[in-house]
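For the record, the sequence lines run as chains A and B.
For the first sequence, numbering that gives the first Met the number 0 gives the first residue as 0, with consecutive numbering after it.
For the second sequence, numbering that gives the first Met the number 0 gives the first residue as 0, with consecutive numbering after it.
What follows is one structure encoded as structure tokens, with my remarks underneath.
Number of protein chains: 2
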Amino acid sequence: MSRFAYVGGRYLRHRAATVSIDDRGFQFGDGAYEVMAVHRGFPVDQVLHLQRLYRSLAELQIAEPVDRRALPVILDRVLSLNRVCEGLLYLQVTRGAARRDHVFPKAATPMLLVTARRVPPVPPVVIRDGVAVISIPDQRWARCDIKSLNLLPNVLGKQQARAAGAFEAWQVDTEGMVTEGASTNAWIVTEDGALMTRPADHAILNGVTRQVILRQATEFGLRLVERPFSLGQAKSATEAFLTSTTSLVLPVTRIDEVPIGDGRPGPVAQGLRARLLLLLNEEIGRQSP
Amino acid sequence: MSRFAYVGGRYLRHRAATVSIDDRGFQFGDGAYEVMAVHRGFPVDQVLHLQRLYRSLAELQIAEPVDRRALPVILDRVLSLNRVCEGLLYLQVTRGAARRDHVFPKAATPMLLVTARRVPPVPPVVIRDGVAVISIPDQRWARCDIKSLNLLPNVLGKQQARAAGAFEAWQVDTEGMVTEGASTNAWIVTEDGALMTRPADHAILNGVTRQVILRQATEFGLRLVERPFSLGQAKSATEAFLTSTTSLVLPVTRIDEVPIGDGRPGPVAQGLRARLLLLLNEEIGRQSP
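And the structure:
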């Protein structure tokens, strides 16, 4: 089946879809993006994702590329053109094409790209066994709260993890505290039963799944502590897990080859994963006709 | 006159030249680049620029896109197609197009882009009066020695400078030391007559003009000190200046509205600029038939 992409106002065959060599996304990484999960044909947590996109654009002083009411219509159209029921929706906005110069161009039209694709579900073995994580120094810039296209350190971190046979790389700041994974947020459950994650400062992206869990955790009877934790704390935690739009909740059972807890996925990660799947179905259920 | 670009193996009209929406340069900033000055139709310091490009690619584990002997031929062809005598040559290499995933793709072909354009000479008034600089916190990642496409903090810094009526933003690290400008290296002449610039650690790009000056300075009778200097030292310096491929040497006469020295371009900056222009003509003279 052909895939289709929305590129700056037009729906094009994905394989033939291109952008100008002068697009500032291509030459400077001058733009922001979002990835949404698609479940039963609907984008999950669309409101939260679009809120964050608009925040990223405001921080970068990039104008919104289309009317706010038009954007969901475009997303829907890309989903249906690609017949995606379970998968991903990818949105990218750049400052547009202009003669190369660091300074913002006087007249450039922001460029919106939307693509979609099917994604198979996370294999059951991953949920059953959990994933391994390595630690690496956090080498990123000071504004990781902006979901920008400057993703080279994330690419290098993820590649390093994969080369080490791990799923993710947890980045550690100069104070020895874990910031987040290369594309996921990091969580631990401490010995005294607190659920701990770094506050959403400028050093991490405030993940949408992270935000949903923060709201759910107290209802779930968990004591929530938004505070940075060290790599040492993570390794001696009762449980560790990671969250993201595409992974939802994944138990972390090894960090730098050190088993976490008894080395098996723990009840908090498993419970939160189940809870989120339930919420997801409820949310989509409300949207379905 | 139409401009032409070399894009992944083909010479295309610049205006119509495009790249895949799946190019990793566009989605991750996953690539490196170089900008060379063109003088009398020849790329200046081509050997040094290509050396640095190959180093950036090696650091990012991106394969070289074309044979090393072929690259100068492509550069020459782009210059002649565009009839550029005085101007710029721009080279960009990305990891290529692949389905979006942070991890390096198994089979992607690195993409080479080459463009060229004419640039008018620096206006004499800029040389006569010098330029103003503002200081900003250095928010960039930990590997600024790689000339990568992750340029968002540089873009934001340059824009902030322009909005403040300045030419450049000097970035200051958490220890209060100047790293470099958003697209230029930073230099001062201290009260006791030393020429000071930051050593080429991971916090700065080792500029080609910087390298040429380091070799020239001693011959020029200057005492060279490669050591980080603070913003305070810069403001109380006898002279300050910046260097880059496109600016060569520009006197800095104000930092955050504080006049440097007597507020006029000093003899070291002016002397080095003259010296570099001489060298440039000698170098090109040797290449001309």
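Just so you know, even glycine gets a beta-carbon here, dropped at the ideal spot from N, CA and C.
Note that the structure is a prediction, hence the values are computed from the model and not measured.
Below 8 Å, can you find three or more Cβ-Cβ pairs linking the stretch 33-42 of chain B to the stretch 65-85 of chain B?
Contact holds: three or more Cβ-Cβ distances are below 8 Å.
For S182 of chain A, which residues in chain C fall below 8 Å Cβ to Cβ?
No chain C is part of this structure, whose protein chains are labelled A and B.
Just the chain B side, please: which residues come within less than 7 Å of P266 of chain A by C-beta, in chain order?
Going along chain B, no residue has its Cβ under 7 Å from P266 of chain A, so there is no contact; the nearest lies around 30 Å.
Can the beta-carbon of L52 of chain A be found closer than 9 Å to that of V92 of chain A?
Yes. Within cutoff.
Give the DSSP-derived three-state secondary structure of S1 of chain A in the structure shown.
If DSSP states are grouped into helix, strand and coil, S1 of chain A belongs with coil.
Please specify which runs of the alpha helix (DSSP H), each continuous and at least 4 residues long, are wholly inside the stretch 95-134 of chain B, giving them in chain order.
You should have 123-128.
Taking CB distances under 9 Å as the criterion, tell me whether A115 of chain A reaches chain B.
Judged by the 9 Å Cβ criterion, A115 of chain A is not in contact with chain B.
Restricting to runs no shorter than 4 residues, where is the alpha helix (DSSP H) found entirely within the stretch 207-269 of chain A?
Listed in chain order, the complete alpha helix (DSSP H) runs (minimum 4 residues) inside the stretch 207-269 of chain A are 207-218, 230-234.
Can you name the residues that DSSP bridges to G180 of chain B?
Partner(s): B:W169.
Excluding the 5 residues flanking N149 of chain A on each side, which residues of the same chain have their C-beta closer than 8 Å to its C-beta?
So the list reads G28, W140, once near-sequence residues are dropped.
K105 of chain B CB to nearest chain A CB: under 9 Å?
With 9 Å as the cut-off, K105 of chain B does not count as an interface residue toward chain A.
Just how far apart, CA to CA, sit L87 of chain A and R116 of chain A?
So the two alpha carbons sit approximately 5 Å from each other.
Would you call the stretch 195-213 of chain B and the stretch 249-262 of chain B in contact, with 3 or more CB pairs under 8 Å?
Touching, no.
Apart from the five residues just before and just after Q60 of chain B, which ones in its own chain have a Cβ nearer than 8 Å to its Cβ?
Same-chain partners within the cutoff: F103.
Using CA coordinates, which residue listed in B:E63, B:S19, B:V267 is at the minimum distance from E218 of chain B?
Nearest C-alpha to E218 of chain B: B:V267.
Tell me the rounded alpha-carbon separation between A69 of chain B and L112 of chain B.
Taking the straight line from one Cα to the other gives about 14 Å.
Among B:G265, B:Q158, B:G284, whose alpha-carbon lies nearest the alpha-carbon of G192 of chain B?
It is B:G265.
Cutting at 7 Å between CB atoms, please list the residues of its own chain near P71 of chain A, excluding the five before and the five after it.
Around P71 of chain A: Q45.
Against D191 of chain B, what residues of chain A qualify as contacts under a CB-to-CB distance less than 9 Å, listed in chain order?
Here the premise fails: no neighbours, minimum Cβ distance about 34 Å.
Relative to chain B, which residues along the stretch 132-149 of chain A have a C-beta separation below 9 Å, given in chain order?
Residues P136, D137, Q138, R139, W140, A141, R142, I145, S147, L148, N149.
Taking D172 of chain B as the reference, give the member of B:D137, B:G180, B:E256, B:A181 with the closest Cα.
Looking at the Cα atoms, B:D137 is the closest of the given residues.
Taking only beta-carbon positions, decide if D354 of chain B is within less than 9 Å of chain A.
The structure shown does not extend to residue 354 of chain B, since chain B is modelled only from 0 through 288, so no value can be given for it.
If you follow the alpha helix (DSSP H) that Q91 of chain B is part of, which residue opens it and which one closes it?
Run containing Q91 of chain B: none in the alpha helix (DSSP H); it sits in the beta strand (DSSP E), 86-93.
How about R222 of chain B and R197 of chain B: do their beta carbons lie closer than 9 Å?
No, the Cβ-Cβ distance between R222 of chain B and R197 of chain B is not below 9 Å.
Expressed to the nearest angstrom, what Euclidean distance is found between the alpha-carbon atoms of A216 of chain B and L279 of chain B?
Going from the Cα of A216 of chain B to the Cα of L279 of chain B covers about 16 Å.
Please confirm whether T289 of chain A and I212 of chain B have their CB atoms less than 9 Å apart.
In the structure as shown, chain A starts at 0 and stops at 288, and residue 289 of chain A therefore has no counterpart that could be examined.
Work out the CA separation of T237 of chain A and S235 of chain B for me, nearest whole Å.
Approximately 55 Å, taken between the alpha carbons.
Taking Cβ positions only, does N81 of chain A come closer than 9 Å to chain B?
Not closer than 9 Å to any Cβ of chain B, the Cβ of N81 of chain A fails to qualify, so no.
Can you grab the Cα-Cα spacing for the pair G24 of chain B / G95 of chain B, in whole Å?
Cα to Cα, the separation comes out at about 7 Å.
By the three-class DSSP mapping on this structure, what secondary structure does R67 of chain B have?
Three-state result, R67 of chain B: coil.
Just the chain A side, please: which residues come within less than 9 Å of L151 of chain B by C-beta, in chain order?
What L151 of chain B touches in chain A: F27, G28, D29, G30, L59, W140, R142, I145, S147, L148, N149.
Pull up the DSSP beta-bridge partners for P152 of chain B, would you.
Note: P152 of chain B sits in no beta bridge, so no partner.
Note down, in chain order, each residue of its chain lying with its Cβ closer than 7 Å to the Cβ of V248 of chain B, except the 5 sequence neighbours on either side.
Excluding positions up to five away in sequence, the list reads F240, T242, A268, L271, R272, L275.
Within this structure, are the beta carbons of S134 of chain A and W169 of chain A separated by less than 9 Å?
Yes. Within cutoff.
Relative to the C-alpha of F166 of chain A, which residue among A:E281, A:A181, A:E58 is closest?
Nearest option by C-alpha distance: A:A181.
How would you label Q26 of chain A, buried or exposed, when you count the other beta carbons within 10 angstroms and need 16 or more for buried?
When all chains shown are included, Q26 of chain A counts as buried.
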